[in-house]
Amino acid sequence: MHTTSLVFRNFHHVIGRTYCQKRYYCFLKASVESTNRILSPCIDISKTFRSCHGDVEYQPSSALFISGKSVEFSPFLTIDLDLEDRFKDLNLLKKNLEVRGLNNAVDLEKLVCQYKKLTELHEQKSQMSNKEWKSTTRQFRTEYWDLTEEVMLMGLKLPNYLHPDTPETVEVLEQIGSPDAVEKTHSHISIAQKYNLIKFSDIGKKAYFLKGDLAMLEQSLLSFICKRLTSKEYIQAHITEFFRTLPVEGAGIDFTDTDQIYLLEQKAEGKHVDNKPLTGYYARGVSLVTFAAMVTKKIYKSSYLPLNYFVSGRSYLTESAQEKLPGLFGALQTMKVETISLCENTDMAESVYKQYWQEVVEMYKLFNFPLRLIRVPANSLQPSEQMRSEVQMWAPSIQSFIKVASVSMIGDYLSRRLMCRHGNKKKGNLSLLYMVLHI
Amino acid sequence: MCNQLTVKMMRNVLLMRHMIQKSYLGLHHVESSYQVCRYLLNKRHFSQNLDPPEWHRNIQLPDPELNFYYLVNNDNTKEIEKNIENRKGVSDIHKVIALWKKYHAETDKEKRDGLWKELLDEALKVPNSSNPNSPIGDESQARVVEIIGNDRVVANKLKTANVIGEELGVLSHNDIVSGDRTLHFYGGLAKLEQALIKYTLSKIIPKGFTLLTVPDMLHPAVIEKCGFPTTGVRNQVFKLNSSNHGDICFAGTAEMPLAGYFMNEVFSLDELPTRVCAVSRCYRAEVSEKKKEKGLYRTRIFTKISSASDCTDYQSRRLNIKYRNRQGDLKHVCTVNGTACAVPRIVMAVFEKFRPQVGSQVFIPPVLLPYMDLPEGETSLLPMDKHFTLHKQSRL
Chain A
1010 MHTTSLVFRN FHHVIGRTYC QKRYYCFLKA SVESTNRILS PCIDISKTFR SCHGDVEYQP
1070 SSALFISGKS VEFSPFLTID LDLEDRFKDL NLLKKNLEVR GLNNAVDLEK LVCQYKKLTE
1130 LHEQKSQMSN KEWKSTTRQF RTEYWDLTEE VMLMGLKLPN YLHPDTPETV EVLEQIGSPD
1190 AVEKTHSHIS IAQKYNLIKF SDIGKKAYFL KGDLAMLEQS LLSFICKRLT SKEYIQAHIT
1250 EFFRTLPVEG AGIDFTDTDQ IYLLEQKAEG KHVDNKPLTG YYARGVSLVT FAAMVTKKIY
1310 KSSYLPLNYF VSGRSYLTES AQEKLPGLFG ALQTMKVETI SLCENTDMAE SVYKQYWQEV
1370 VEMYKLFNFP LRLIRVPANS LQPSEQMRSE VQMWAPSIQS FIKVASVSMI GDYLSRRLMC
1430 RHGNKKKGNL SLLYMVLHI
Chain B
54 MCNQLTVKMM RNVLLMRHMI QKSYLGLHHV ESSYQVCRYL LNKRHFSQNL DPPEWHRNIQ
114 LPDPELNFYY LVNNDNTKEI EKNIENRKGV SDIHKVIALW KKYHAETDKE KRDGLWKELL
174 DEALKVPNSS NPNSPIGDES QARVVEIIGN DRVVANKLKT ANVIGEELGV LSHNDIVSGD
234 RTLHFYGGLA KLEQALIKYT LSKIIPKGFT LLTVPDMLHP AVIEKCGFPT TGVRNQVFKL
294 NSSNHGDICF AGTAEMPLAG YFMNEVFSLD ELPTRVCAVS RCYRAEVSEK KKEKGLYRTR
354 IFTKISSASD CTDYQSRRLN IKYRNRQGDL KHVCTVNGTA CAVPRIVMAV FEKFRPQVGS
414 QVFIPPVLLP YMDLPEGETS LLPMDKHFTL HKQSRL
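What follows is the structure in structure tokens.
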């Protein structure tokens, strides 16, 4: 019996609005016109095939990659991990994982082995016509899809390249001013209580209220930095603080690890749907995730690069993600200003990195506090970073330098994961974007 | 590496460096070891004793002190019932009265405790009384108090603020990455938001309001004591996954953390009235069925400055906020909460009022210009250059 499959394209599912097209396959006879449930019928034979031969039970475990065997969901974007290039120098990749302390996170040998198998299968598939592919055994197709998913998910865990200037131990670039010239003082906690400037509270985790002049100082500091950035023609943006899984995973955060990021509760029809990649909703605030959300699936015009954006607003860190420092130094909710520069290539990114760094250092010199400028070691880098330099300010009460600003080389990490490019699509000359992040 | 070097070893290196400096020998490898040790010491876990004590104690929730004299007085029952109906409340005053009588008739202590809890739960649902000047009914019954300025009269239909924002390139909806009903502001619109905040603060702070920064992540009890439910189908509160993060909610308005700020406080008479304001991000899990309520009008995450609705002593009875009168008696304060500036809706008004019928820019109200950081001579939001296009397919 010949059946005609009709595809209902329903973009807005009830459960927290998944961002993949959810397709309802309906096999009907020719007299389909009598039903009044058709929204936008179209004949899609290839989707018919997947609905017959895919896996209706399949649930994706990543927001960035969805297996070809999925019947219910189709991918929102295509990732480009360039594994072939990364595997060209395995020793370098091994060293990268080792110095970052990520040996246990990725089984490199297994990944390489599976990748080779996948390459062979892919060779076979690419030599088949569509008809031949559809007539292959279910076992072959399942093997191909499963292997692809395994390789892609393992590949997504690989960290960014390591910049050659990233040291293995902390490298002090410069020290400005001397901590010895600054007296040891009481902590800001006792000063705040004495002058009634901060109220610490038990109404939330590490809750605090800045009062009066101190609250005005916070607004003034933010205003000062924003004005400075605007004068240098940075474009101000205001992005939300909550994100779907896509930009979180795109920024290299393990969204399943709730020690690293706050997971919001979501229910549909009385049941929890928080923990599924496609319905996950996270609170992070101003961070690399903000820019990941901003650049996803955008094609920028090359003539505008380097393009600089900045955002200011709230940042929410979990206790594990925040530094273990006392009082406000270790607060979980803070106000931040972050900038990102979108660059055409690595040379432009390097040049912007140096420029950013100079600007940051000049700005903090204005405060006339002792500063220390360091390059962090590889084992302190985020997976998305190739290199990070920090400005640290002397905190007299704890007799320690604490990070107040940093500049990170992100390279093409976000571009590859979130399908953002620069160029002209119609002319077919799209290239990867390279990024520099400044906190 | 921190595990390999104990704190004691690190301090020894520091001591050695100090001694070598004293003896002017200056060995380079000691210097680098010193730097490593200082870095690692900076990353060590500081003693938790250095944190404020409030961060290590459980939240001190007060027991509500309701006005049972008013609630169970039969003379007031009809009025209370009518008020519940007008406010579309879910409480039952007759049940409250019955529980009150049962509680006082009960002699067994354990049963009395159970009855008291049940009585409190039921009585807490009774909404605040309504001012006789408040109109009854839906929004169509709202009474105009004053009209300031003139309505804009145009020949043709105006575009909505959402459309204007998108045409200018300063506004985008990005449900895919940020969730439903969330907005991204760019360029001039982000500046307009900041200008609105600065302008509003410049007006209200001279009137005696103290600016506070407020926490957004709160214990749900604080939010419920303000009168906002955090459970049930109708609640609009974003919560963290409790099994991973414990009971934490995000504030839907600064009124909630400000209420927490004053919880358990006792004021002296000369401290009243106390006026505070806060700039905060408001997180509301709103789901509006109305098709018109989308975009800037009803967004889930927005910025607001909070200062006016009269709550009398409804909140203070739940939050234990009191003052001592001249006789030395403790009385509950009355609270007045309000919004000085809800950014998205003001932006809507600016866009729709100040967009000329011909032309693609939006003029900035003159009072906001000093706060906008626009180039000299510029008085409007011009369309932004289109720096990018959005790729709609899943493959390049």
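The listed protein sequences correspond, in order, to chains A and B.
Residues in the first sequence are numbered consecutively from 1010, following the working numbering.
Residues in the second sequence are numbered consecutively from 54, following the working numbering.
Idealized CB from N, CA, C, for every residue including glycine.
Just so we're clear, the structure is a prediction, and the values are computed from it rather than from any experiment.
Below the 8 angstroms Cβ cutoff, chain A contributes no neighbours of B/Pro436, its closest Cβ being approximately 14 angstroms away.
For B/Arg408, there are no C-beta contacts with chain A under 8 angstroms, since the nearest C-beta of that chain is about 20 angstroms from it. Secondary structure note for A/Phe1096: it is in no beta strand (DSSP E), with a DSSP letter that is neither H nor E. In the structure shown, A/Gln1245 falls within a strand segment according to DSSP collapsed to helix, strand and coil.
In chain order, Phe1218, Leu1219, Ala1224, Glu1227 make up the part of chain A whose C-beta sits under 7 angstroms from the C-beta of B/Thr266. B/Ser295 reaches chain A at Glu1274, counting residues in chain order whose Cβ is nearer than 9 angstroms. Residue burial annotation: A/Phe1233 is exposed, with fewer than 16 other C-beta atoms found within 10 angstroms of its C-beta.
Looking at the DSSP output, B/Met270 sits in a beta bridge with B/Phe303. Look at B/Lys278: its C-beta is not under 8 angstroms from any C-beta on chain A. The alpha-carbon of B/Val149 is positioned some 10 angstroms away from that of B/Thr130. One alpha carbon belongs to A/Leu1130, the other to A/Thr1157, and they sit about 10 angstroms apart. Against A/Ile1234, chain B offers no close residue; the least beta-carbon distance is about 12 angstroms (beta-carbon pairs closer than 9 angstroms). CA-to-CA, the gap between A/Val1298 and A/Glu1192 works out to about 39 angstroms. Counted as a single uninterrupted DSSP element, the alpha helix (DSSP H) harbouring A/Tyr1124 occupies residues 1117-1135.
Between B/Glu219 and chain A, the shortest Cβ-Cβ separation is not below 8 angstroms. For B/Asn288, no CB of chain A lies under 8 angstroms from its own CB, so it is not counted at the interface with that chain. Secondary structure at B/Tyr239: strand, using DSSP grouped into helix, strand and coil.
Straight across, the Cα-Cα distance linking B/Pro185 with B/Ile137 is about 14 angstroms. In this structure the segment 1070-1082 of chain A lies against the segment 1147-1161 of chain A, because at least three pairs of beta carbons, one per stretch, are closer than 8 angstroms. Between B/Phe404 and B/Phe416, the CB-CB gap reaches or exceeds 8 angstroms. Listed along chain A is no residue with a C-beta nearer than 8 angstroms to that of B/Met401; the closest approach is about 16 angstroms. For the pair B/Phe291 and B/Ala338, the CB atoms are nearer than the 8 angstroms cut-off.
Residues are counted here when their Cβ sits less than 8 angstroms from a Cβ of chain B; for the segment 1298-1316 of chain A these are Ala1301, Ala1302, Met1303, Thr1305, Lys1306, Lys1307, Ile1308, Tyr1309, Lys1310, Tyr1313, Leu1316, given in chain order.
Under the three-pair Cβ rule at 8 angstroms, the segment 269-288 of chain B counts as touching the segment 1206-1217 of chain A.
Closest in C-alpha terms to B/Phe320, from the list B/Ala304, B/Gly299, B/Arg377, comes B/Arg377. Residue pairing from DSSP places A/Asp1064 in a beta bridge opposite A/Ser1079. Taking 3 residues as the shortest admissible run, the segment 1149-1198 of chain A contains the following complete beta strand (DSSP E) segments, listed from N- to C-terminal end: 1180-1185. A straight-line Cα-Cα distance of about 23 angstroms links B/Lys278 and A/Gln1275. Only residues of its own chain outside the window of five on either side were considered, and among them Met1372 have a CB closer than 7 angstroms to the CB of A/Arg1237, listed in chain order.
According to the DSSP assignment, B/Asn297 belongs to the alpha helix (DSSP H) that extends over 295-298. Around the beta carbon of B/Gly313, a 10 Å sphere encloses 16 or more other beta carbons of the protein chains shown; the residue is thus reported as buried. Residue state for B/Arg234 is assigned as coil, using DSSP reduced to three classes. A Cβ-Cβ separation of about 7 angstroms places B/Met316 in contact with B/Pro115 under the 8 angstroms criterion. Across the set B/Leu224, B/Lys260, B/Asp228, B/Gly232, the C-alpha of B/Leu224 shows the shortest separation from the C-alpha of B/Glu246.
Residues of chain A with a Cβ closer than 7 angstroms to the Cβ of B/Asp269 are, in chain order, Arg1323, Gln1342. Relative to the Cα of B/Gln289, the nearest Cα in the group B/Arg448, B/Phe303, B/Glu219, B/Arg140 belongs to B/Phe303.
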